[in-house]
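Chains as they are written, first to last, in this note's numbering: chain A, 1 to 98; chain B, 1 to 98; chain C, 1 to 119; chain D, 1 to 119; chain E, 1 to 136; chain F, 1 to 136.
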Amino acid sequence: MKLGVFVNDYKSTVETVDRLTAEKLGIIFIQNGVFHATIKDNGKASPILDKSANFYALSEDLATRGLTNTDVDSRVKVVTYSDVVDLIFNDYEKLIWV
Amino acid sequence: MKLGVFVNDYKSTVETVDRLTAEKLGIIFIQNGVFHATIKDNGKASPILDKSANFYALSEDLATRGLTNTDVDSRVKVVTYSDVVDLIFNDYEKLIWV
Amino acid sequence: MGTLTMACFASLVGSKSLDFALKLAGAAADKGHKVNLWLSSNGTMIGKAHQKHLKDYSTAEKPVMELLKKGVEICTCEACALARGIQKTEAIEGIQWNAMHWYLAKIYNSDRVLHIGGE
Amino acid sequence: MGTLTMACFASLVGSKSLDFALKLAGAAADKGHKVNLWLSSNGTMIGKAHQKHLKDYSTAEKPVMELLKKGVEICTCEACALARGIQKTEAIEGIQWNAMHWYLAKIYNSDRVLHIGGE
Amino acid sequence: MSNVKLAFLIQRPPYKSETATLGITHAISYQVVEMLLEDGQNVIPTVCMVGEGVLNCLKDQKAMENYGVMSIESHIKNGLLVDLDILVCKEDLARFGISEDRIADAEDMGADKKLQIVPYAEIQKVMESSNHLLVF
Amino acid sequence: MSNVKLAFLIQRPPYKSETATLGITHAISYQVVEMLLEDGQNVIPTVCMVGEGVLNCLKDQKAMENYGVMSIESHIKNGLLVDLDILVCKEDLARFGISEDRIADAEDMGADKKLQIVPYAEIQKVMESSNHLLVF
Numbered sequence: 001m002k003l004g005v006f007v008n009d010y011k012s013t014v015e016t017v018d019r020l021t022a023e024k025l026g027i028i029f030i031q032n033g034v035f036h037a038t039i040k041d042n043g044k045a046s047p048i049l050d051k052s053a054n055f056y057a058l059s060e061d062l063a064t065r066g067l068t069n070t071d072v073d074s075r076v077k078v079v080t081y082s083d084v085v086d087l088i089f090n091d092y093e094k095l096i097w098v
Numbered sequence: 001m002k003l004g005v006f007v008n009d010y011k012s013t014v015e016t017v018d019r020l021t022a023e024k025l026g027i028i029f030i031q032n033g034v035f036h037a038t039i040k041d042n043g044k045a046s047p048i049l050d051k052s053a054n055f056y057a058l059s060e061d062l063a064t065r066g067l068t069n070t071d072v073d074s075r076v077k078v079v080t081y082s083d084v085v086d087l088i089f090n091d092y093e094k095l096i097w098v
Numbered sequence: 001m002g003t004l005t006m007a008c009f010a011s012l013v014g015s016k017s018l019d020f021a022l023k024l025a026g027a028a029a030d031k032g033h034k035v036n037l038w039l040s041s042n043g044t045m046i047g048k049a050h051q052k053h054l055k056d057y058s059t060a061e062k063p064v065m066e067l068l069k070k071g072v073e074i075c076t077c078e079a080c081a082l083a084r085g086i087q088k089t090e091a092i093e094g095i096q097w098n099a100m101h102w103y104l105a106k107i108y109n110s111d112r113v114l115h116i117g118g119e
Numbered sequence: 001m002g003t004l005t006m007a008c009f010a011s012l013v014g015s016k017s018l019d020f021a022l023k024l025a026g027a028a029a030d031k032g033h034k035v036n037l038w039l040s041s042n043g044t045m046i047g048k049a050h051q052k053h054l055k056d057y058s059t060a061e062k063p064v065m066e067l068l069k070k071g072v073e074i075c076t077c078e079a080c081a082l083a084r085g086i087q088k089t090e091a092i093e094g095i096q097w098n099a100m101h102w103y104l105a106k107i108y109n110s111d112r113v114l115h116i117g118g119e
Numbered sequence: 001m002s003n004v005k006l007a008f009l010i011q012r013p014p015y016k017s018e019t020a021t022l023g024i025t026h027a028i029s030y031q032v033v034e035m036l037l038e039d040g041q042n043v044i045p046t047v048c049m050v051g052e053g054v055l056n057c058l059k060d061q062k063a064m065e066n067y068g069v070m071s072i073e074s075h076i077k078n079g080l081l082v083d084l085d086i087l088v089c090k091e092d093l094a095r096f097g098i099s100e101d102r103i104a105d106a107e108d109m110g111a112d113k114k115l116q117i118v119p120y121a122e123i124q125k126v127m128e129s130s131n132h133l134l135v136f
Numbered sequence: 001m002s003n004v005k006l007a008f009l010i011q012r013p014p015y016k017s018e019t020a021t022l023g024i025t026h027a028i029s030y031q032v033v034e035m036l037l038e039d040g041q042n043v044i045p046t047v048c049m050v051g052e053g054v055l056n057c058l059k060d061q062k063a064m065e066n067y068g069v070m071s072i073e074s075h076i077k078n079g080l081l082v083d084l085d086i087l088v089c090k091e092d093l094a095r096f097g098i099s100e101d102r103i104a105d106a107e108d109m110g111a112d113k114k115l116q117i118v119p120y121a122e123i124q125k126v127m128e129s130s131n132h133l134l135v136f
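Below you can see the structure in the form of structure tokens.
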């Protein structure tokens, strides 16, 4: 399946996401989920980024928290709300919010 | 200090609690915090129970979840709301909810 | 153009999940997609008219009116609203009141579903 | 006998934290302690009268009335309530409406404080 | 005749929020959805308890006695009575040390259905074969 | 003359809930509490950002632009302007790799106070010396 996963929290979502498998997996960091894309914990990037997936982070939620594009891990693409709409309709058939 | 800590969640509170130190520490498991007192994760009891502290679990919140006194770890005392009032006034001067 | 049905269980104030849902609904509608939004649990707080906009708090009345104008269908869970003391007479006009099967029926006719659970 | 001041930020329905706060307040009052309860954030939903008691949902109106009768002082954050569209005219009688310094002043005169934060 | 299959994944523990309860009640509402659909259209829900969500399945919950609200166990029983498929992740039950005899059923109410304890792979299959996924 | 000292411990990350914001606004309200107290009575708050709570301290937050609400940064600035002591846990900043130049201040508004980056041991001392603890 083509699965888009909305990750809206920083810590508690790692375990749930770890278990997900899909032929095509997209992980969209929104709200405090954007810290997965920007913050290293003790020097280590979020383990979610080691998954085989496409990663996106919502630009408004980065800016709201004082984060900029230069903070974002190179594996993650910064997207707008409009981009998210296109991801939903063009790239992923099933969507979950964890 | 004499610190009473209300733990109301199962997973996300472990890290916060780990850091707390006090001459006298009481940990009161309520709501889903009672799973710390009853559930082993992969055969291991909650790491919170390894702290040097007095442990309590609220009987109503155990029963609400289908748990009984025999499920409760031997380090934990089962208490009522009335007991919690006495713990608050007699045993702990400062209280936090994590 | 497709149909997106969303649900939001999170409260208006004290969570940005509902803000997210409203913004995404607007962005999808602007691109010509059909959008349905189901509000349940604390999400039903959105349906109340006359929310005061203080600068510390999200308010939904204005964005909700805009979404309704764009043709977004919004429905609130009647039981969840009543349990919170929100009466139909206080509701924002244009928001539908119904039960959970409304949501399932909208899902039936949707291309995409985004269910935003509680907390 | 002592004084316990509590705050609760969690919502009435969809969280058992407020249920916990009300039960603990009742248990403390029954033992002769003085209890103050500050409601902020989604906790202000408690202050609304005419909540329908459906069997799936917690309701607070009855327990709140009982607490008030026992002399428990309950105060709701006016800004948080207004932001949620809850007007003073819809409030449960006997619940005070004030701002955050009410809570700090009650804490000043308390032996114990239990602050129940959000979520 | 065309069915839309929905997977209701319940991953939250009981009672802290309404989330777990609402997962079951939303699934149960499939019973009346036909009112709003054309002839021959239907919605087929499957409820899957995963992660800490399996903690919702314990029997003898005393929520009505203690908090005046219907227990999640009662909602599960209602689901079984209306023939809802409710799968419970075997690995997660094992992880938390919950034996099968602790799991709710609706035998006393005459339900034929039981909670179905299945490996996670089975739940993954439900996710694959469903049209949409709803995580509670 | 008697003061009651309160420690406001902020451990939640920004914006998901109101919690972090309310921690700061509740502390700021100490400014007007004297209205409700006797002469000579006072409340002395100290705000401590710990754990993921330190993520509230980043500067250049664009919450008003994006969501129409006052940023937590603005609340922090207001706190500094009314001379609130706001401590930020040094170890947690280091853990998340946040350098001091990323931290909010209120210099542009003419505040003398700054966020005080301190070891956790210092925050533990505040907890010990406070009459009551409030965790947000």
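Note that CB positions come from ideal geometry on N, CA and C, so glycine has one too. Just so you know, these numbers come straight off a predicted model, no measurement behind them.
Beta-carbon of residue i versus every beta-carbon of chain F: anything under 7 Å?
{"i": "C:D30", "result": "no"}
{"i": "B:I48", "result": "no"}
{"i": "D:H101", "result": "yes"}
Determine the closest residue to residue i out of the options, with distance taken between C-alpha atoms.
{"i": "A:I12", "options": "A:A22, A:L3, A:L25, A:F35", "result": "Per the sequence shown, the amino acid found at residue 12 of chain A is Ser instead of Ile. Of the candidates A:A22, A:L3, A:L25, A:F35, the one whose C-alpha sits nearest the C-alpha of A:S12 is A:F35."}
{"i": "E:G68", "options": "D:V72, D:I74, D:P63, D:M100", "result": "D:P63"}
{"i": "C:I46", "options": "C:K31, C:D111, C:L67", "result": "C:L67"}
{"i": "D:K34", "options": "D:L18, D:L114, D:V72", "result": "D:V72"}
{"i": "E:H75", "options": "E:Y120, E:H26, E:K5", "result": "E:H26"}
{"i": "D:M1", "options": "D:L18, D:D30, D:E90", "result": "D:D30"}
{"i": "E:V82", "options": "E:K114, E:G97, E:G53, E:K59", "result": "E:K114"}
{"i": "D:K122", "options": "C:S15, C:L82, C:A105, C:W102", "result": "Nothing can be reported for residue 122 of chain D, as the shown portion of chain D is limited to 1 through 119."}
Counting only the same chain and skipping the five closest in sequence on each side, list residues whose C-beta sits under 8 Å from that of residue i.
{"i": "E:K62", "result": "S71"}
{"i": "A:Y56", "result": "G26, I27, I28, F29, V76, K77, V78, V79, D83, V84, L87"}
{"i": "A:Y10", "result": "N32, G33, F35, H36, I39"}
{"i": "A:V14", "result": "S46, P47, I48"}
For residue i, would you say it is in contact with chain E, using Cβ-to-Cβ distances shorter than 7 Å as the test?
{"i": "C:H50", "result": "no"}
{"i": "B:K44", "result": "no"}
{"i": "A:V5", "result": "no"}
{"i": "C:L104", "result": "yes"}
Compute the beta-carbon to beta-carbon distance between residue i and residue j, rounded to the nearest angstrom, for a pair I have assumed lies under 8 Å.
{"i": "D:A10", "j": "D:N36", "result": "No, D:A10 and D:N36 are not in contact; Cβ-Cβ is about 17 Å, not under 8 Å."}
{"i": "A:V98", "j": "A:V17", "result": "6 Å"}
{"i": "F:L6", "j": "F:S130", "result": "6 Å"}
{"i": "D:I116", "j": "D:A25", "result": "With 8 Å as the limit, D:I116 and D:A25 do not qualify as a contact, their Cβ atoms being about 11 Å apart."}
Where DSSP assigns a beta bridge to residue i, which residues make up the other side?
{"i": "C:N98", "result": "C:C77"}
{"i": "C:N36", "result": "C:T5, C:E73"}
{"i": "F:S2", "result": "F:Q41"}
{"i": "A:M1", "result": "DSSP lists no partner for A:M1."}
{"i": "E:M49", "result": "E:I10, E:V88"}
{"i": "B:K94", "result": "B:L3"}
{"i": "C:C115", "result": "It should be pointed out that residue 115 of chain C corresponds to His in this sequence rather than to Cys. Partner(s): C:A7."}
{"i": "B:V78", "result": "B:A57"}
{"i": "A:F29", "result": "A:V7, A:A57"}
{"i": "E:I103", "result": "E:L58"}
{"i": "D:K48", "result": "D:A91"}
{"i": "B:D41", "result": "B:K44"}
Leaving out five residues on either side along the sequence, give the residues of the same chain with a beta carbon under 7 Å from the beta carbon of residue i.
{"i": "E:Q41", "result": "S2"}
{"i": "B:A22", "result": "M1, K2, L3"}
{"i": "F:A94", "result": "none"}
{"i": "D:E78", "result": "W97, N98, A99"}
{"i": "E:D92", "result": "V50, G51, V54"}
Sorted by chain position, which residues of the same chain lie with C-beta nearer than 6 Å to residue i's C-beta, five sequence neighbours on each side aside?
{"i": "C:T145", "result": "The first residue shown for chain C is 1 and the last is 119, placing residue 145 of chain C beyond what the model contains."}
{"i": "C:A91", "result": "G47"}
I'd like to know whether the C-beta of residue i is nearer than 7 Å to at least one C-beta of chain D.
{"i": "F:T19", "result": "yes"}
{"i": "B:S12", "result": "no"}
{"i": "E:Y30", "result": "no"}
{"i": "C:L82", "result": "yes"}
Would residue i count as contacting chain C if we go by Cβ distances under 7 Å?
{"i": "A:L95", "result": "yes"}
{"i": "F:M70", "result": "yes"}
{"i": "D:A10", "result": "no"}
Following a CB-centred definition, is residue i positioned closer than 6 Å to any heavy atom of the ligand SAM?
{"i": "B:N69", "result": "In the structure shown, the ligand SAM is absent, as is every other ligand, since no ligand is present at all."}
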